[in-house]
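Enquirer: Below you will find the structure I want to go over with you.
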Amino acid sequence: MALLLRRGAAVAARTLRAAAASSASTSVHRLPTAGSLAAARNLPTTQFFLLEIRRGFAKGKKSKNDSRGDTVEAAPDIGPTVKSAATAQMDTAVVALSRELSKLRTGRASPGMLDHIMVETGDVKVGLGRIAVVSVLDSHTLSVMPYDPNTMKSIENAIASSPLGINPTPDGSRIIAAVPPLTKETMQAMCKVVTKSAEDFKQSIRRARQKALDTIKKSSSSMPKDDIKRLEKEVEELTKKFIKSADDMCKAKEKEISGS
Numbered sequence: 001m002a003l004l005l006r007r008g009a010a011v012a013a014r015t016l017r018a019a020a021a022s023s024a025s026t027s028v029h030r031l032p033t034a035g036s037l038a039a040a041r042n043l044p045t046t047q048f049f050l051l052e053i054r055r056g057f058a059k060g061k062k063s064k065n066d067s068r069g070d071t072v073e074a075a076p077d078i079g080p081t082v083k084s085a086a087t088a089q090m091d092t093a094v095v096a097l098s099r100e101l102s103k104l105r106t107g108r109a110s111p112g113m114l115d116h117i118m119v120e121t122g123d124v125k126v127g128l129g130r131i132a133v134v135s136v137l138d139s140h141t142l143s144v145m146p147y148d149p150n151t152m153k154s155i156e157n158a159i160a161s162s163p164l165g166i167n168p169t170p171d172g173s174r175i176i177a178a179v180p181p182l183t184k185e186t187m188q189a190m191c192k193v194v195t196k197s198a199e200d201f202k203q204s205i206r207r208a209r210q211k212a213l214d215t216i217k218k219s220s221s222s223m224p225k226d227d228i229k230r231l232e233k234e235v236e237e238l239t240k241k242f243i244k245s246a247d248d249m250c251k252a253k254e255k256e257i258s259g260s
């Protein structure tokens with residue numbers, strides 16, 4: 001009799017465990033939706049944990065899908081920036097060349113001949129063009145009119161000590177500077193200086209070109225090939241334009257030196 005009772009208890013225990021397992025499985029499949037947060041918090045701990053895992057998986061899947069959207073961010077157009085920077089650098093080189101050529105003495109008088117002369121006024125040295133007005137009287141004579149008459153002697157000494165070979169002469173409130181004619185040997189030497197100056201500043205233009213091409217190359221991975229070729233061609237055209245400008249300036253200076 002006792003044996004029968006023990007067997008009956010064992011069968012009943014197995015039946016109860018099976019029923020509990022079936023109930024838990026059914027409740028997992030009937031978890032509340034993610035929106036029913038209040039109801040979810042009332043669930044047993046195990047079921048609430050399963051719900052949170054399911055919600056996290058859904059969010060991750062949505063983010064992954066969003067990252068695969070059809071929107072493609074367009075690469076920035078570097079063309080205007082590259083051309084603007086190259087133009088500014090090349091123009092600076094041409095302006096500097098013009099300033100350098102104006103310092104060279106020729107057989108004809110020009111106001112720019114005296115631009116590089118520094119005048120001592122007290123304890124400070126300043127450019128002659130800042131303290132006097134230089135004008136052309138004729139093809140071989142310059143007039144220098146000081147703003148302050150007290151600086152007249154200093155200006156006269158500065159002109160006389162310059163390598164231009166000009167002998168200034170006081171004339172009332174102004175200074176007359178006669179420009180002597182150039183010898184043949186001096187003309188040839190000056191033309192060589194012009195050629196060297198031109199080459200130096202054309203190298204600056206070419207460096208600006210190379211810098212622009214390097215910038216284009218660095219951005220080539222995000223640019224269409226046609227755009228790269230077009231931009232490179234525009235940089236080359238800019239370079240040719242400024243090189244020609246420098247050559248024209250030097251030819252004009254050589255013509256001015258020779259007096260032809």
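Heads up, the sequence shown is in UniProt numbering, so the first residue is 1 and it goes up one at a time.
Cβ coordinates follow ideal geometry from the N, Cα and C atoms, glycine included.
Computed from a predicted model, the values in this text were never measured in an experiment.
#1: Tell me, to the nearest whole angstrom, how far the beta carbon of alanine 189 is from that of alanine 85; I am working on the premise that it is less than 8 Å.
#2: I need the DSSP call for valine 235, collapsed to helix, strand or coil.
#3: Cα-Cα, which of Gly122, Ser220 and Gln203 is closest to lysine 240?
#4: Hey, out of Ile176, Glu156, Ala93 and Ala109, whose CA is closest to isoleucine 117's CA?
#5: Could you pull out every residue in the same chain whose Cβ sits closer than 6 Å to the Cβ of methionine 152, ignoring the five residues on either side in sequence?
#6: Against chain D, with Cβ distances strictly below 8 Å, would arginine 108 count as a contact?
#7: Quick one: what's alanine 132 bridged to in DSSP?
#8: By the 10 Å Cβ neighbour count, where 16 or more other Cβ atoms means buried, how is proline 168 classified, buried or exposed?
#9: Where DSSP assigns a beta bridge to arginine 99, which residues make up the other side?
#10: Can you tell me which residues form a DSSP beta bridge with aspartate 227?
#11: Buried or exposed: where does threonine 106 fall if 16 or more other Cβ atoms within 10 Å of its Cβ makes it buried?
#12: Using the rule of at least 16 other Cβ atoms within 10 Å of the residue's Cβ for burial, across every protein chain shown, is serine 173 buried or exposed?
#13: Checking 8 Å against the spacing of the C-beta atoms, do glutamate 254 and valine 193 come in under that value?
#14: Could you tell me if leucine 4 is buried or exposed, where buried requires 16 or more neighbouring beta carbons within 10 angstroms of its beta carbon?
#15: In whole angstroms, what separates the C-alpha of glutamate 120 from that of proline 149?
#16: Measure the alpha-carbon distance for glycine 122 versus serine 154 and round it to whole angstroms.
#17: By DSSP, does threonine 183 sit in helix, in strand, or in coil?
Expert: For this structure:
#1: Contact flag wrong, Cβ pair sits at about 37 Å.
#2: helix
#3: Gln203
#4: Glu156
#5: Pro146
#6: Of the protein chains in the structure, only one exists, and it is not chain D.
#7: In DSSP, alanine 132 forms a bridge with Pro146.
#8: buried
#9: Beta-bridge pairing links arginine 99 to no other residue.
#10: Paired residues: none, contrary to the question.
#11: With 16 or more Cβ atoms within 10 Å of its Cβ, threonine 106 is classed as buried.
#12: Counting every other CB atom within 10 Å of its CB across the protein chains shown gives serine 173 a total below 16, marking it as exposed.
#13: It is not a contact, given that the beta carbons lie outside the stated cut-off.
#14: Summary for leucine 4: the model assigns pLDDT 48, below 50, so the residue's position carries little reliability, and this model does not support an answer.
#15: 14 Å
#16: Rounded to the nearest angstrom, the gap between the Cα atoms of glycine 122 and serine 154 is 10 Å.
#17: coil
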